[in-house]
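K.L.:
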Amino acid sequence: MTLFDNIKEKFHEILDIYFEKEGNLNFLRIKTNLTTLVEIEKLSKKISDYLDENYDSKEEYYLDIFSKGAEQEILLKNLNDFINTDLQIWFNSQDFILGKLIEVKEKSFILQVNKKGRITKEEVENEKVHLIKNYIKF
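The numbers in full-length UniProt numbering rise by one with no breaks, and the one at position 114 of the sequence shown is 114.
#1: Could you give the residue range of the beta strand (DSSP E) that holds Lys21?
#2: What residues match up with Gly99 in a beta bridge as DSSP calls it?
#3: Please confirm whether Val113 and Glu122 have their CB atoms less than 8 Å apart.
#4: Report yes if the CB atom of Thr32 is closer than 8 Å to the CB atom of Ile65, and no otherwise.
#5: Would you call the CB atoms of Asn26 and Ile74 closer than 8 Å?
#6: Quick one, are the C-beta atoms of Ile102 and Ile89 less than 8 Å apart?
#7: Relative to the alpha-carbon of Gln72, which residue among Ile132, Glu9, Met1 has its alpha-carbon at the smallest distance?
#8: Mind checking who Asp64 pairs with in its DSSP beta bridge?
#9: What separation, rounded to the nearest whole angstrom, lies between the Cα atoms of Tyr18 and Leu28?
#10: In terms of residue numbering, what span does the alpha helix (DSSP H) encompassing Ile119 cover?
#11: With distances taken from CA atoms, which of Phe109, Ser93, Tyr61 is nearest Leu79?
#12: Output the boundary residues of the beta strand (DSSP E) element that contains Asn114.
#13: Which whole-angstrom value describes the C-beta separation of Ser67 and Ile40, a residue pair presumed to lie in contact below a C-beta threshold of 8 Å?
#14: Tell me which residue opens and which closes the beta strand (DSSP E) that Leu131 is part of.
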């Protein structure tokens, strides 16, 4: 098994891994499916420790761990992977709703929505959805 295979097997959050050269600097780039800075920092520490213990590199390199980004579209068929995630649901090019995904049903899903300080549950029918994206709160 290669170094990349070993890392991917040990850390399931990894989507892609590769070496890249920028000028005189070498980078080990790792793309994850994580979306928060705290999660990425934790993974970065774990991978760094793993590399220190298991990989003896003659060349100097910088570890660069990053998110695939929140701008990537989420497909309805993959919604179960986003339970307890804050989402932005678009119904058309102008109307959307923000909420935390709490349940996925066959033809709909349920969001926990904050409506002017009041937390409610709202069911959204799949056929009314135009686009779904991660929503990151700051």
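Every residue gets a Cβ at the ideal spot worked out from N, C-alpha and C, and that includes glycine.
Small disclaimer: the values here were computed from a predicted structure and weren't measured.
P.N.:
By the coordinates alone:
#1: 14-22 is the extent of the beta strand (DSSP E) around Lys21.
#2: Leu87
#3: Contact flag set, yes.
#4: yes
#5: no
#6: no
#7: Ile132
#8: Bridge partners of Asp64: Arg29.
#9: Looking at the two C-alpha atoms, the distance is approximately 6 Å.
#10: Premise fails: Ile119 lies in the beta strand (DSSP E), 118-125, not in any alpha helix (DSSP H).
#11: Phe109
#12: 108-115
#13: 6 Å
#14: 131-134
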